[in-house]
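Numbering (our numbering), first residue to last: 10 to 121.
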């Protein structure tokens with residue numbers, strides 16, 4: 010039962026993101042119990058433009074690590090010329106590690 014709920018929540022959030030996206034790329038977040046992963050995806054071509062994960066960046070608490078991942082993703086995106094994205098939180102609520110990653114990406118120069 011819980012799996013159906015998370016899938017529905019994820020699809021509902023993704024549908025709203027795609028409606029609002031226009032020509033922007035999508036910043037997608039995946040959060041596991043140990044790590045957090047983020048990637049910028051071009052849905053029109055089906056390719057990942059930039060990615061970052063906490064497996065490569067390890068600092069302090071999980072929230073600190075999420076902040077470092079957000080900054081690393083912003084740097085990688087700006088190096089590829091991506092400035093405007095739309096944030097796809099997936100099935101996760103916008104708080105804690107997900108919010109820390111988003112705030113760090115904004116500070117790093119991404120616009121969403």
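Glycine is no exception: its CB is placed at the ideal position from the N, C-alpha and C atoms.
- Ranked by Cα distance from residue 47, the first of 31, 53, 21, 66 is 66.
- If you draw a straight line from the Cα of residue 20 to the Cα of residue 88, it comes to about 30 angstroms.
- Counting the other Cβ atoms within 10 Å of the Cβ of residue 101 gives 16 or more, which makes it buried.
- Leaving aside the five residues that flank residue 30 on each side, the residues in its chain whose CB is nearer than 8 angstroms to its CB run, in chain order, 52, 95.
- Burial of residue 76 is indicated by the presence of at least 16 other C-beta atoms within 10 angstroms of its C-beta.
- DSSP places residue 36 in the uninterrupted beta strand (DSSP E) bounded by 34-40.
- By the Cβ-count criterion, residue 41 is exposed, with fewer than 16 other Cβ atoms from all chains shown falling within 10 Å of its own Cβ.
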